[in-house]
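See below for the structure under consideration.
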Amino acid sequence: MERDPHQLIEGCVIACYAAGLSQCFLYIRGEMADAQERVAAALNEAYAAGYVGKNILGSKFSVDVVLHWGAGAYVVGEETALIESLEGNRGMPRLKPPFFPAAIGLYGKPTIVNNVETLSNLPWIATHGAEAYTAIGTATSPGTRMVAVSGHVKRPGVYEIINGTTTFRDLIYGDDFCQGIRGGNELKAFVPGGGSAPWFTPDQLDIPFEGPQAGAAGSMLGSGAIMVMDSTTDIPAAALTLTRFYAHESCGKCTPCREGGTWLERILRRVVDGKGTDADLQQLIEVGTSICPGDFPHASSTRLGLAAVPFPYKMTTICFVGPSAYTPVHSALTLFPEEFEARITKRTHIPVTAVGVGE
Ligand code: SF4
Numbered sequence: 172m173e174r175d176p177h178q179l180i181e182g183c184v185i186a187c188y189a190a191g192l193s194q195c196f197l198y199i200r201g202e203m204a205d206a207q208e209r210v211a212a213a214l215n216e217a218y219a220a221g222y223v224g225k226n227i228l229g230s231k232f233s234v235d236v237v238l239h240w241g242a243g244a245y246v247v248g249e250e251t252a253l254i255e256s257l258e259g260n261r262g263m264p265r266l267k268p269p270f271f272p273a274a275i276g277l278y279g280k281p282t283i284v285n286n287v288e289t290l291s292n293l294p295w296i297a298t299h300g301a302e303a304y305t306a307i308g309t310a311t312s313p314g315t316r317m318v319a320v321s322g323h324v325k326r327p328g329v330y331e332i333i334n335g336t337t338t339f340r341d342l343i344y345g346d347d348f349c350q351g352i353r354g355g356n357e358l359k360a361f362v363p364g365g366g367s368a369p370w371f372t373p374d375q376l377d378i379p380f381e382g383p384q385a386g387a388a389g390s391m392l393g394s395g396a397i398m399v400m401d402s403t404t405d406i407p408a409a410a411l412t413l414t415r416f417y418a419h420e421s422c423g424k425c426t427p428c429r430e431g432g433t434w435l436e437r438i439l440r441r442v443v444d445g446k447g448t449d450a451d452l453q454q455l456i457e458v459g460t461s462i463c464p465g466d467f468p469h470a471s472s473t474r475l476g477l478a479a480v481p482f483p484y485k486m487t488t489i490c491f492v493g494p495s496a497y498t499p500v501h502s503a504l505t506l507f508p509e510e511f512e513a514r515i516t517k518r519t520h521i522p523v524t525a526v527g528v529g530e
C-alpha cells in the first residue's frame, strides 16, 4: 500500500472483473496514515487514467472503488468486524453462522473479503498465468509471501520469500535476509506468525515457511509477522508486551476476552514486577484456559501442569483475539518456566492436576 498502491488497485479491479462485481471497498486501518494517503493519491490517478470507474478503458466493465479510513482497531482485521465498521457501527465481529460474508455481508448482501496481499498477487498471476505462479514454492503452499521480521536481528525488515522452501533459519540467518542475531548473541525464541502464534525455539529453525508444517509443529504462519528474541530477552516481560496488546485491542463483545485479557495483563504485570505468587501463575493458567480451553488433564511438562494449547485454537470467544491474549503467556510459561519461577516472591502450594477444571 505504501510502495506500490497501484498493484493493489489493479488487483481489486481484476477481482471485481472475475467475480462480476461493480462495487469495491478498500478499508485501511486508522493508524496507517502513509498507506491511506498513498492509496488515495493512486486511486485518484487510476480514476483520471480510466483504469477505475465507468467503462474501464472503453469496455462495458465498470467498477467503483471506495476508500474507507478506519479508526484503528486490530479486531477489524476480522472480516465481519470490518463489515460492521464499514457500515458505520462499532467494529465488533458478528456471529458465524449466520453471518458468513459470502452469504450475508456488507448491508446484508453477499460480500467477498480479501486481504491486501492476496489482491496484490492478482496482477502478476493475470499476466503470467496460474501455472507460473504455482511453479513457485510447493504444492501445498505455492507462490511467495511477504514477511515482516522484527526484534533482535541484524537487519529487520519486510522480505518476500518463497513459500515452502525458505526456512526460518534462512530468514533469520541468511545473507539475503536478516543476517543473524544482533551483537553476536544467541537466539532464544521466535514468534513465527504474528503475536498470536505459539512460539518456536532454536531447534525449530529448519521448519520451512509452509502452513501445514508450521501447523504440525504447533504454531502458524498467520500474518507473516516474525518476532525474534535473543538471549538477553526478559521472557515474562516479552509475554506481557504481547498480552497487553491483545487486552487493549479486545472489542469487549464477549466476556472471556474482555475480562480475561485484562486479568492476564494485570496478573502478568504483577509477576514481571516481582510481586507475583505461585497462585498468580496458577491464576494465569486458569484465566487463559477459560478463554482457550486446553486438552485437560494431560501434559504436565512443568510443575504447573500446563496442558498444550490446542491448535487451531479452541475458544470460548467469538473471534481469535481472545485466545491471542493467552498464547504468549502459555508459550512463555511452557518454554521458560524458570524465568517465572525466578520472579515469584511468595511460595504457595499449587495443585498439579486438573488445572482449570473446577479448581
Ligand atoms: S474475542 Fe475479544 S475481540 Fe473478539 S469478539 Fe470477543 S471480545 Fe471482541
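Mapping to my numbering: the sequence shown position 298 is 469, numbers consecutive.
In this text, a Cβ means the ideal position worked out from N, Cα and C, and glycines have one as well.
These figures come from a predicted structure and were not determined experimentally.
Buried or exposed (CB count within 10 angstroms, at least 16 for buried), residue i
i, result
"S472", "Reliability fails at S472, whose pLDDT of 44 lies under 50, so the model's placement of it is uncertain and no value is given."
"H501", "buried"
"P269", "exposed"
"T338", "buried"
"H469", "Annotation note: pLDDT 36 at H469 (below 50); position unreliable, coordinate value reported separately. Exposed, because fewer than 16 other Cβ atoms sit within 10 Å of the Cβ of H469."
"P369", "buried"
"E509", "exposed"
"D341", "buried"
"K359", "buried"
"T217", "Residue identity differs from the one stated: residue 217 is Ala in this sequence, not Thr. The residue is buried, with at least 16 neighbouring Cβ atoms inside 10 Å."
"R474", "For R474, the pLDDT reaches just 46, beneath the cut-off of 50, and the residue's location in the model is therefore unreliable, although a value from the coordinates is still provided. Exposed, since its Cβ has fewer than 16 Cβ neighbours within 10 Å."
"H419", "exposed"
"G354", "exposed"
"R174", "exposed"
"Q453", "buried"
"D451", "buried"
"S256", "buried"
"E381", "buried"
"P522", "The predicted position of P522 is uncertain, since its pLDDT is 48 and thus under 50; no value can be drawn from it."
Limits of the alpha helix (DSSP H) - the one that residue i falls within
i, result
"A219", "204-220"
"E157", "Residue numbering for the chain in the displayed model covers 172 to 530; residue 157 lies beyond these limits and cannot be assessed."
"T414", "406-420"
"C463", "Neither: C463 is in no alpha helix (DSSP H) and is coded neither H nor E."
"C609", "This structure gives no information on residue 609, because the portion of the chain shown stretches from 172 to 530."
"E250", "250-257"
"L266", "First-last for L266: undefined, no H or E at that position."
"T505", "492-506"
Inter-residue CB distance, residue i and residue j (contact presumed, cutoff 8 angstroms)
i, j, result
"P494", "I462", "6 angstroms"
"M400", "G364", "Going by Cβ atoms, the distance from M400 to G364 rounds to 15 angstroms, so no, they are not a contact pair."
"F348", "I397", "Rounded, the Cβ-Cβ distance is 10 angstroms, inconsistent with contact."
"P427", "T487", "5 angstroms"
"A252", "G262", "5 angstroms"
"I307", "I333", "6 angstroms"
"E250", "V284", "4 angstroms"
"A273", "P281", "6 angstroms"
"L293", "I185", "4 angstroms"
"Y330", "V320", "7 angstroms"
"I406", "F507", "4 angstroms"
"G366", "F416", "6 angstroms"
"A503", "A388", "Contact flag wrong, Cβ pair sits at about 17 angstroms."
Counterpart residues of residue i in DSSP-defined beta bridges
i, result
"L238", "L197"
"E331", "M317"
"I515", "G447"
"T338", "P379"
"G224", "V234"
"A396", "A319"
"I352", "V324"
"G308", "P313"
"D401", "L358"
Cβ-heavy atom distance, residue i to ligand 2, below 8 angstroms
i, result
"E249", "This structure lacks ligand 2; its bound ligands are ligand 1."
N- and C-terminal bounds of the beta strand (DSSP E) containing residue i
i, result
"S321", "315-322"
"E277", "Sequence inspection shows Leu at residue 277; the Glu mentioned does not correspond to that position. Taken as a continuous stretch (DSSP letters only), L277 belongs to no beta strand (DSSP E), as it is neither H nor E."
"A360", "358-362"
"A244", "From DSSP, A244 is part of no beta strand (DSSP E); its letter is neither H nor E."
"A273", "No beta strand (DSSP E) holds A273; DSSP gives it neither H nor E."
"V284", "Per DSSP, V284 belongs to no beta strand (DSSP E) and is neither H nor E."
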